[in-house]
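Asker: Each number in the numbering used here comes from the position in the first sequence (counting from 1) with 17 added on. C-beta: ideal position from N, C-alpha, C; glycine also.
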Amino acid sequence: MRLATWNINGLRARLDFVLHWLKSRQPDIVGLQELKIEEDQFPRRVFEAAGYSTLVHSQKAWNGVAILSRDPMELVTEGLPGQEKYGARLIGARSKELSFLTVYCPNGKSVDHSDFPLKLAWFDGLQAFLEKEHSPHKALVLCGDLNLCPSPKDTWNEKVSKGKIFHTPEERERFQSLIDWGLMDLYRNKYPDEIKYSWWDYRGGAFHLNQGLRIDFLLGTEAIVQRVQDVVIDRDYRKKKDGMTTSDHTPVYVDLCF
DNA sequence: ATGTCGGAATTATTCCGA
Numbered sequence: 018m019r020l021a022t023w024n025i026n027g028l029r030a031r032l033d034f035v036l037h038w039l040k041s042r043q044p045d046i047v048g049l050q051e052l053k054i055e056e057d058q059f060p061r062r063v064f065e066a067a068g069y070s071t072l073v074h075s076q077k078a079w080n081g082v083a084i085l086s087r088d089p090m091e092l093v094t095e096g097l098p099g100q101e102k103y104g105a106r107l108i109g110a111r112s113k114e115l116s117f118l119t120v121y122c123p124n125g126k127s128v129d130h131s132d133f134p135l136k137l138a139w140f141d142g143l144q145a146f147l148e149k150e151h152s153p154h155k156a157l158v159l160c161g162d163l164n165l166c167p168s169p170k171d172t173w174n175e176k177v178s179k180g181k182i183f184h185t186p187e188e189r190e191r192f193q194s195l196i197d198w199g200l201m202d203l204y205r206n207k208y209p210d211e212i213k214y215s216w217w218d219y220r221g222g223a224f225h226l227n228q229g230l231r232i233d234f235l236l237g238t239e240a241i242v243q244r245v246q247d248v249v250i251d252r253d254y255r256k257k258k259d260g261m262t263t264s265d266h267t268p269v270y271v272d273l274c275f
């Protein structure tokens with residue numbers, strides 16, 4: 018079973034690209050973030066024709082998350098409880114094998130911006146939600162764009178960026194709280210010393226220079242970790258395909274022996 | 001080069017967010 022996460026940066030602009038990737042990689046469950054589309058504009062039938070059931074929690078212009086699945090999943094959660102006003106950023110579903118949550122965490126802009134404490138509060142809300150509604154002793158995958166670099170290995174320039182947005186102790190503490198609760202970073206667990214990124218700025222040839230960040234994650238509980246075969250940061254899909262423009266994020270997927 | 005995108009508001013240009 019192949020599970021994936023991908024911040025697509027606008028579904029209308031990315032639909033053909035996403036379909037190309039689905040056909041090529043054949044994932045079973047996908048968490049998508051940054052749809053930037055109203056729910057009633059979501060191209061449900063296009064995904065159904067490609068073989069996927071869809072669950073969507075979205076809004077006009079910004080944010081928006083969805084779950085695509087080969088087998089229909091049961092919708093469990095739409096929106097992070099207590100944090101709904103910060104946008105459509107969480108959706109959760111369940112299959113017979115596992116619970117699957119996908120999130121688009123707030124960016125925060127900069128440490129001195131009023132969005133920064135809101136970002137931290139959003140993570141605190143996520144932590145409280147997990148503690149209340151989920152168990153580290155069950156099969157759970159939490160994936161998405163966390164908008165933070167957990168360690169110096171996850172950023173191209175810790176020296177310059179340390180203490181700045183995505184690189185602060187406060188954000189890293191929030192990430193560590195998720196780990197302490199019972200989630201593992203599936204990529205880092207499999208590849209402790211690899212330096213690979215999942216996001217590169219559109220500007221300044223950052224992708225070509227490999228000036229990236231690893232901010233897109235698949236986190237899993239112990240029951241998931243035991244089933245991991247491989248974890249792939251699918252860098253090839255940060256490159257143009259047939260003239261189609263890419264997201265600034267690339268997909269990340271895990272193969273599980275279910 | 002504050003260098004690129006996607007989307008909204010408004011109608012080809014500017015703004016906002018990332």
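#1: Since Val177 is in the alpha helix (DSSP H), which residue starts that stretch and which ends it?
#2: Would you grab the beta carbon distance between Arg42 and Gly68 for me? Rounded to a whole angstrom, and I think it's under 8 Å.
#3: Exposed or buried, Thr172, counting other C-beta atoms within 10 Å across all chains shown (16 or more means buried)?
#4: Under the three-state reduction of DSSP, which class applies to Trp217: helix, strand or coil?
#5: Any idea what DSSP makes of Lys257, helix, strand or coil?
#6: In whole angstroms, what separates the C-alpha of Val242 from that of Leu203?
#7: Span of the beta strand (DSSP E) holding Asp233?
#8: Beta strand (DSSP E) containing Gln50: first to last residue?
#9: DSSP three-state label for Ile182, please.
#10: Only counting runs of 4 or more residues, tell me where the alpha helix (DSSP H) segments fall wholly within the region 120-198, in order along the chain.
#11: On the CB-based measure, 16 or more other CB atoms within 10 Å of its CB, does Leu157 come out buried or exposed?
#12: Go ahead and pull the three-state DSSP assignment for Trp222.
#13: With a cut-off of 8 Å on the beta carbons, I'd call Asp3 and Tyr270 a contact; round off their distance for me.
#14: For Val269, which beta-bridge partners are listed by DSSP?
#15: Got a sec? Which residues, its chain only, sit under 6 Å from Arg191 by beta carbon, not counting five neighbours each side?
#16: According to DSSP, is Ile212 helix, strand or coil?
#17: From the DSSP output, which residues share a beta bridge with Asp202?
#18: Looking at the secondary structure, which residues open and close the alpha helix (DSSP H) in which Ser41 lies?
#19: Please report the distance separating the alpha-carbon of Pro44 from that of Val177.
#20: Does DSSP classify Arg111 as helix, strand or coil?
#21: Quick one: give me the first and last residue of the beta strand (DSSP E) that Glu65 is part of.
Answerer: According to the data block:
#1: Working through the first sequence from its first residue, we reach residue 177 at position 160. Glu175 to Ser178 is the span of the alpha helix (DSSP H), which, as asked, contains Val177.
#2: Taking the first residue of the first sequence as 1, we reach residue 42 at position 25. Taking the first residue of the first sequence as 1, we reach residue 68 at position 51. Contact doesn't hold; Cβ gap of about 13 Å is too wide.
#3: As a working mapping, residue 172 is identified with position 155 in the first sequence. With 16 or more other Cβ atoms within 10 Å, it is buried.
#4: If you number the first sequence from 1, residue 217 lands on position 200. Correct three-state label for Trp217: strand.
#5: On the first sequence, residue 257 is found 240 positions in, with the first residue counted as 1. Coil.
#6: For the purposes of this step, residue 242 is taken as the residue at position 225 of the first sequence. For the purposes of this step, residue 203 is taken as the residue at position 186 of the first sequence. Taking the straight line joining both Cα atoms gives about 7 Å.
#7: Residue mapping note: residue 233 aligns to position 216 of the first sequence, counting from 1. Looking at the DSSP string, the run of the beta strand (DSSP E) that includes Asp233 is Asp233 to Gly237.
#8: Sequence index remark: in the first sequence, residue 50 carries index 33 (1-based). Segment Ile46 to Gln50, the beta strand (DSSP E) holding Gln50.
#9: As a first step, residue 182 must be located in the first sequence, where it is residue number 165. Ile182: coil per DSSP, three-state reduction.
#10: 132-150, 175-178 and 186-198
#11: Residue numbering aside, residue 157 sits at position 140 when the first sequence is read from its first letter. Buried, since its Cβ has 16 or more Cβ neighbours within 10 Å.
#12: For the purposes of this step, residue 222 is taken as residue 205 along the first sequence, with counting starting at 1. Note that residue 222 corresponds to Gly in the displayed sequence, not to Trp. Helix at Gly222.
#13: Residue 3 is absent from the structure shown; the chain starts at 18 and stops at 275.
#14: In the first sequence, residue 269 corresponds to position 252, counting from 1. In the DSSP output, where bridge partners are listed per residue, Val269 has Thr22 and Ile250.
#15: Position 174 of the first sequence, counted from the first residue, corresponds to residue 191. Closer than 6 Å at the Cβ level, and outside the excluded window around Arg191, lie Phe140.
#16: Along the first sequence, one-based indexing puts residue 212 at 195. Ile212 falls in the coil class under three-state DSSP.
#17: Within the first sequence, the letter at position 185 stands for residue 202. Beta-bridge pairing links Asp202 to Leu236.
#18: Working through the first sequence from its first residue, we reach residue 41 at position 24. Residues Leu28 to Arg42.
#19: In the first sequence, counting from the first residue as 1, residue 44 sits at position 27. In the first sequence, counting from the first residue as 1, residue 177 sits at position 160. Distance between the alpha carbons of Pro44 and Val177: 37 Å.
#20: Numbered from 1 along the first sequence, position 94 holds the residue referred to as residue 111. In the structure shown, Arg111 sits in a strand (DSSP, three-state: E or B).
#21: Numbered from its first residue, the first sequence carries residue 65 at position 48. Segment Arg61 to Ala66 is the alpha helix (DSSP H) holding Glu65; no beta strand (DSSP E) there.
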